[in-house]
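Asks: Dropping the structure in here first, questions after.
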Amino acid sequence: ASIMLRGHKGEHVVIEPRMVFATRKASEDAGGSWIINKVGHTFIKERMRKENAIFAGENSAHLYFRDNFYCDNGMIPFLLIAQELSVTGKKMSELVKEWTDAVKVSGEINFTVKDTKEVIEKIALGFSDGKQDRTDGLSVEYATARFNVRGSNTEPLLRLNVESYNQTDMETLRDRVIAAIKSSQA
1 ASIMLRGHKG EHVVIEPRMV FATRKASEDA GGSWIINKVG HTFIKERMRK
51 ENAIFAGENS AHLYFRDNFY CDNGMIPFLL IAQELSVTGK KMSELVKEWT
101 DAVKVSGEIN FTVKDTKEVI EKIALGFSDG KQDRTDGLSV EYATARFNVR
151 GSNTEPLLRL NVESYNQTDM ETLRDRVIAA IKSSQA
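1 is the number of the first residue of the sequence shown in UniProt numbering; add one for each residue after it.
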C-alpha cells in the first residue's frame, strides 16, 4: 500500500478484514485512505471500481491494481519490491521487519463447525465489549488487538485471524476466541 500510494496522496486502497493493522497504518502514513471490503476477487474488484481505488490486497497474496484493469497480478508486486530493494539498498528482511515488529499475527486458524453463522452470532455476544464490524463475518476490535472470524467462501470452515500490537495481547485474544468457538460447539 505504501509503495502504491507514493505520489498518489488522497487515493484509496481496498483491504479485506482478516488483517488490517499494518495496511491501515501504511495507507495513512502514505497519505491515502483505506476501505475494508468483503474477501474475494469479485467483491474486491467491484469495490475498487466503485471507489476508483489505486490498489487492493488480500491476505491470500492476491494483489489488484487499478492500472492493470483492476486485475490480480503477481508480477507487478514482484517488480515493485525489486525496485524498492534497489532504490533503498535494503535487504528484503529489512523491508518487512518494520511491519513484523509492529504487528503480531496468529496466522489463519481453521475450524470445522456445523453452522458458521450460528457460531459467529455466539461469538458476537461473547465479545460485545469490542467494536464490532460485519463487513465479512465478524470483526471485533479493541485498543491493541482485533480479530476476524468468518465462514470460508470455498470450504465448509470457520476461519479465525487475530492481530495485535504485541504478542501477549494477540495470544490472549486468540485463546479467548478459540475457547468461545469450542464452547459454542459443545
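No residue lacks a Cβ here, since even glycine has one placed at the ideal position from N, Cα and C.
Here's the rule: buried if 16 or more other CB atoms are within 10 angstroms of the residue's CB, otherwise exposed. What is residue 139?
Replies: buried
Asks: Please look up how many angstroms separate the CB atoms of residue 56 and residue 96, rounded, as I've assumed it's under 8 angstroms.
Replies: In this structure, residue 56 and residue 96 do not form a Cβ contact; the two beta carbons are roughly 20 angstroms apart against a cut-off of 8 angstroms.
Asks: Where does the unbroken alpha helix (DSSP H) through residue 24 begin, and where does it stop?
Replies: 21 to 29
Asks: Cα separation between residue 155 and residue 111?
Replies: 11 angstroms
Asks: So who's on the other strand from residue 111, going by DSSP bridges?
Replies: 158
Asks: Please report the straight-line C-alpha distance between residue 32 and residue 184, rounded to a whole angstrom.
Replies: 40 angstroms
Asks: Does residue 32 come out as helix, strand or coil in the three-state DSSP assignment?
Replies: Correct three-state label for residue 32: coil.
Asks: Ignoring anything shorter than 4 residues, give me the alpha helix (DSSP H) runs that lie fully in the region 64 to 95, in order along the chain.
Replies: 75 to 88
Asks: Identify the residues that DSSP records as bridge partners of residue 138: which are they?
Replies: 149
Asks: Taking DSSP as the reference, what is the three-state secondary structure of residue 61?
Replies: coil
Asks: By the DSSP assignment, the alpha helix (DSSP H) with residue 13 in it spans what residues?
Replies: Here residue 13 belongs to no alpha helix (DSSP H); instead the beta strand (DSSP E) covers 12 to 15.
Asks: Taking Cβ to Cβ, would you say residue 178 is nearer than 9 angstroms to residue 160?
Replies: yes
Asks: Taking 9 angstroms as the cut-off, decide whether the C-beta atoms of residue 51 and residue 36 are in contact.
Replies: no
Asks: Who are the Cβ neighbours of residue 150 in its own chain at under 6 angstroms, not counting the five residues just before and after it?
Replies: 136, 137, 159
Asks: Please list the terminal residues of the continuous beta strand (DSSP E) segment that includes residue 132.
Replies: 131 to 133
Asks: Look up residue 103 in the DSSP assignment and say whether it is helix, strand or coil.
Replies: coil
Asks: Alpha carbons only, please: which of 113, 123, 121, 29 is nearest the one belonging to residue 3?
Replies: Shortest Cα-Cα distance from residue 3 to any of 113, 123, 121, 29 involves 29.
Asks: Just verifying my parser: in three-state terms, what is the DSSP assignment at residue 55?
Replies: strand
Asks: Three or more beta-carbon pairs under 8 angstroms between the region 16 to 23 and the region 139 to 148, yes or no?
Replies: yes
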